[in-house]
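Participant: One structure, pasted below without further comment.
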Amino acid sequence: MSTTPDDRELLATAYLLGHATEDQARQFQELERTDADFRQLVRDLSEWLAPLGDEAPEEMPPAGLLDDILAEIDREDVAATSGSAPVRKTTTPGLWRPAAIAASMIAAIAVGTHFVPEEPGEREARELIALLAAENAPGAIAIVYRPATGELTADFAAIPLPENAVWQLWRIRDGAPGPVSLGLLDDRSQPGRFELTFADQVLDPSDTVAISLEPVGGSTQAGPSGPVLFASTVSEL
Amino acid sequence: MQETLVREVSGPRVPFFSSATIFDGGPESRLPMFARAIGYEDILRVAARAHLIVERLKRRDRSALTDLYAKTSSRAYGLIRSIIRDETIAASTLKKVYLEIWQQPSSAFSGEASPEHQVLALARRRALDTHGARPVDARTDSGPQIAPDTPDAVTMLKTAYLEPRPLEELARQFDLTPKEAQDRLWNGILAMKGGRE
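Keeping their order, the protein sequence lines are chains E and R.
Here the first sequence is numbered in our numbering, starting from 5 and rising by one per residue.
Here the second sequence is numbered in our numbering, starting from 94 and rising by one per residue.
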């Protein structure tokens, strides 16, 4: 991308900044429909411009709009369920209403205070996450931990599991005498995902989590006995 | 202990660590210190948050959408209203944005910007698409105006982005020719791009 825009860059800029002429708008839409390079240019420009939205004036959407959105989702889910496609649902239709009201209230408070709020329920609802990747290997493992429920999930869809060995999850904490095992990741009942549940809070922001490769049954010593395959610090969302 | 290479998923390149280095234990355990020192957490957090939201939406978790709505809807609606004056059409556009996010989360969050920025970008884009194949109307309201005294490129770009108007009107506001305004907007875009690198 040079300091002098070419015609396509000028066209994309004009459209994305809202000053395209009718003819330019038509050209833009045609190119976006037919030209992959142009679509990528538009994606890049949109992404670079996006932070400017932080300074947009806030304005409360009409009351009930979130209800409408969730009702529309319910209708789509019902339609999908009555067809052949299975739909996984985590809530029953109608149970979203308290969440919708809470979300609307939080949005209203955000407008009033010009403050982007924390997650609803703040600390109780906070989630910790670590993304782990190995050198010269595709994919990553996303570990999500919810202190409120003690649930820890490890998504590893793109990474093959070891054969005749197991992954063992470790916590490393500054000042601690050594790594602490958080358990074996060896339940293969859910493809691409492990789930563990802990009674006590096991992770804090700034901890490091690591996964080592161990013999079946786990490490035979206090720390890992096999190589460390993945490691990353934990971050609070 | 076997030597192993460990690397973080994103951010600056991390020197190789051996497992022995990491797992010697005690206050000297170096990886946490090093991770903080190189400051990659922000990059990691943005990627992780987008990943988590997409995963929740894919699992049809409505709270993911309501959380996102709570955080972004007022600013997204403000952006849409800067382009679409009609409240009914603006609200309908906003509704379509969140339905699109729900229906196609991977596509909605395919960029590298924060999830909130990607929502705002999508909202603004859909507003432009909804507005149709015509330039945004000349402004007739008395919204915030930025003084025309030789603005820097980003300031001018910000004006164009937040208060869309025909290029000629923007150029007049800043005492420039349309061509000069175009060039300055482009410089602003390059500056925004540079800020991300």
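The beta carbon of each residue, even a glycine, is placed where N, CA and C say it ideally should be.
Just so we're clear, the structure is a prediction, and the values are computed from it rather than from any experiment.
#1: Go ahead and label Val-170 (chain E) buried or exposed: buried means 16 or more other beta carbons lie within 10 angstroms of its beta carbon, across all protein chains shown.
#2: Which residue wins for smallest C-alpha separation from Arg-153 (chain R), given the options R:Asp-179, R:Ala-183, R:Ile-194?
#3: Answer yes or no: does any C-beta atom of chain E fall closer than 9 Å to that of Pro-198 (chain R)?
#4: Can you give me the Cβ contacts of Glu-273 (chain R) inside the same chain, cut-off strictly under 8 Å, excluding the 5 residues immediately before and after it?
#5: What residues in the stretch 65-82 of chain E have a beta carbon less than 7 Å from any beta carbon of chain R?
#6: Does any CB atom of chain E fall closer than 9 Å to the CB of Arg-219 (chain R)?
#7: So that I know if they touch, is there some Cβ in chain R lying closer than 9 Å to that of Ala-158 (chain E)?
#8: Between the stretch 168-180 of chain R and chain E, which residues of the former have a C-beta closer than 9 Å to a C-beta of the latter?
#9: For the beta strand (DSSP E) containing Leu-173 (chain E), name the first residue and the last one.
#10: For Leu-21 (chain E) and Glu-209 (chain R), what's the separation of their Cα atoms in angstroms?
#11: Looking at Glu-148 (chain R): is its Cβ nearer than 9 Å to the Cβ of Asp-159 (chain E)?
#12: Run down chain A in chain order and give the residues with a C-beta less than 7 Å from the C-beta of Thr-7 (chain E).
#13: Mind listing which residues of the stretch 173-192 of chain E have their C-beta closer than 9 Å to chain R's C-betas, in chain order?
#14: Please report the residue range of the alpha helix (DSSP H) in which Glu-209 (chain R) lies.
#15: Please list the terminal residues of the continuous beta strand (DSSP E) segment that includes Val-148 (chain E).
#16: So with Cβ pairs under 9 Å, would you call Ile-163 (chain E) a contact of chain R?
#17: Who does Ala-158 (chain E) pair with in a DSSP beta bridge?
#18: Is Phe-234 (chain E) closer than 9 Å to Ile-145 (chain E) when the C-beta atoms are compared?
#19: By how many angstroms is the C-alpha of Val-190 (chain R) removed from the C-alpha of Thr-223 (chain R)?
#20: At the level of alpha carbons, what is the spacing between Gly-227 (chain E) and Pro-198 (chain R)?
#21: Arg-219 (chain R) and Met-249 (chain R) look like a contact to me (Cβ under 8 Å); what is the Cβ gap, rounded to whole Å?
#22: For a contact meaning CB atoms closer than 7 Å, what does Val-148 (chain E) contact in chain R?
#23: So the candidates are E:Leu-53, E:Gly-57, E:Pro-195; which of them puts its Cα closest to the Cα of Ala-284 (chain R)?
#24: Take Met-64 (chain E) as the anchor and find which of R:Val-247, R:Trp-279, R:Tyr-162, R:Leu-221 has the nearest alpha-carbon.
#25: By DSSP's criteria, Thr-237 (chain E) is part of a beta bridge. Which residues make up the other side?
#26: How should Asp-11 (chain E) be labelled, buried or exposed, when 16 other C-beta atoms within 10 angstroms of its C-beta is the threshold for buried?
#27: Do Met-254 (chain R) and Gly-57 (chain E) have their CB atoms nearer than 9 Å?
#28: I need the DSSP call for Ser-156 (chain R), collapsed to helix, strand or coil.
Facilitator: In this structure, then:
#1: Counting from one through the first sequence, the residue named residue 170 (chain E) turns up at place 166. A buried status is given to Val-170 (chain E), since no fewer than 16 other beta-carbon atoms sit within 10 Å of its beta-carbon.
#2: Position 60 of the second sequence, counting from 1, holds the residue named residue 153 (chain R). Put simply, of R:Asp-179, R:Ala-183, R:Ile-194 the residue whose alpha carbon is nearest the alpha carbon of Arg-153 (chain R) is R:Ile-194.
#3: If you number the second sequence from 1, residue 198 (chain R) lands on position 105. Not one chain E Cβ lies under 9 Å of Pro-198 (chain R).
#4: The residue given as residue 273 (chain R) occupies position 180 in the second sequence. Residues of the same chain with a CB within less than 8 Å of the CB of Glu-273 (chain R), apart from the 5 flanking positions on each side, are Ala-264 in chain order.
#5: Residues of the stretch 65-82 of chain E that bring their beta carbon within less than 7 Å of a beta carbon in chain R comprise Pro-65, Pro-66, Leu-69, Leu-70, Asp-72, Ile-73, Leu-74, Glu-76, Ile-77, in sequence order.
#6: As a working mapping, residue 219 (chain R) is identified with position 126 in the second sequence. Judged by the 9 Å Cβ criterion, Arg-219 (chain R) is not in contact with chain E.
#7: Position 154 of the first sequence, counted from the first residue, corresponds to residue 158 (chain E). So, not an interface residue.
#8: So the close ones are Arg-168, Ala-169, Tyr-170, Gly-171, Leu-172, Ile-173, Arg-174, Ser-175, Ile-176, Glu-180.
#9: Residue 173 (chain E) sits at position 169 when you count from the first residue of the first sequence. Its beta strand (DSSP E) spans residues 170-176.
#10: The residue given as residue 21 (chain E) occupies position 17 in the first sequence. The residue given as residue 209 (chain R) occupies position 116 in the second sequence. The straight-line gap from Cα to Cα measures roughly 19 Å.
#11: Translated into positions along the second sequence, residue 148 (chain R) becomes position 55. Translated into positions along the first sequence, residue 159 (chain E) becomes position 155. Contact: yes.
#12: As a matter of chain content, chain A is missing from the structure shown, whose protein chains are E and R.
#13: Correct list: Trp-174, Ile-176, Arg-177, Asp-178, Gly-179, Ala-180, Pro-181, Gly-182, Pro-183.
#14: Within the second sequence, the letter at position 116 stands for residue 209 (chain R). Boundaries of the alpha helix (DSSP H) around Glu-209 (chain R): 208-224.
#15: Within the first sequence, residue 148 (chain E) is the residue found at index 144, counting from 1. Run containing Val-148 (chain E): 145-150, per the beta strand (DSSP E) assignment.
#16: Within the first sequence, numbered from 1, the residue matching residue 163 (chain E) stands at position 159. Any Cβ of chain R closer than 9 Å to the Cβ of Ile-163 (chain E) would place that residue at the interface, and such an atom is absent.
#17: The residue you call residue 158 (chain E) lines up with position 154 of the first sequence. DSSP lists E:Ile-147, E:Phe-198 as partners of Ala-158 (chain E).
#18: To locate residue 145 (chain E), count along the first sequence from 1; it is residue 141. To locate residue 234 (chain E), count along the first sequence from 1; it is residue 230. In this structure, Phe-234 (chain E) lies closer than 9 Å to Ile-145 (chain E) by Cβ.
#19: Taking the first residue of the second sequence as position 1, residue 223 (chain R) is located at position 130. Taking the first residue of the second sequence as position 1, residue 190 (chain R) is located at position 97. Their backbone Cα atoms lie some 11 Å apart in a straight line.
#20: Sequence index remark: in the first sequence, residue 227 (chain E) carries index 223 (1-based). Sequence index remark: in the second sequence, residue 198 (chain R) carries index 105 (1-based). Gly-227 (chain E) and Pro-198 (chain R): Cα-Cα distance of roughly 39 Å.
#21: Position 126 of the second sequence, counted from the start, is the residue given in the question as residue 219 (chain R). Position 156 of the second sequence, counted from the start, is the residue given in the question as residue 249 (chain R). Not really, about 24 Å apart at Cβ, beyond 8 Å.
#22: In the first sequence, counting from the first residue as 1, residue 148 (chain E) sits at position 144. Per Cβ cutoff of 7 Å: Leu-145.
#23: Here residue 284 (chain R) refers to the residue found at position 191 when the second sequence is read from its first residue. Answer by Cα proximity: E:Leu-53.
#24: Residue 64 (chain E) sits at position 60 when you count from the first residue of the first sequence. A check of alpha carbon separations from Met-64 (chain E) across R:Val-247, R:Trp-279, R:Tyr-162, R:Leu-221 identifies R:Tyr-162 as the nearest.
#25: For the purposes of this step, residue 237 (chain E) is taken as the residue at position 233 of the first sequence. Answer is E:Thr-212.
#26: Against the first sequence, residue 11 (chain E) aligns to sequence position 7. Exposed: under 16 other Cβ atoms inside 10 Å.
#27: Translated into positions along the second sequence, residue 254 (chain R) becomes position 161. Translated into positions along the first sequence, residue 57 (chain E) becomes position 53. It should be noted that the sequence gives Tyr, not Met, for residue 254 (chain R). Going by C-beta atoms, Tyr-254 (chain R) is nearer than 9 Å to Gly-57 (chain E).
#28: Indexing the second sequence from 1 puts residue 156 (chain R) at position 63. In the three-state reduction of the DSSP assignment, Ser-156 (chain R) falls in the helix class, which pools H, G and I.
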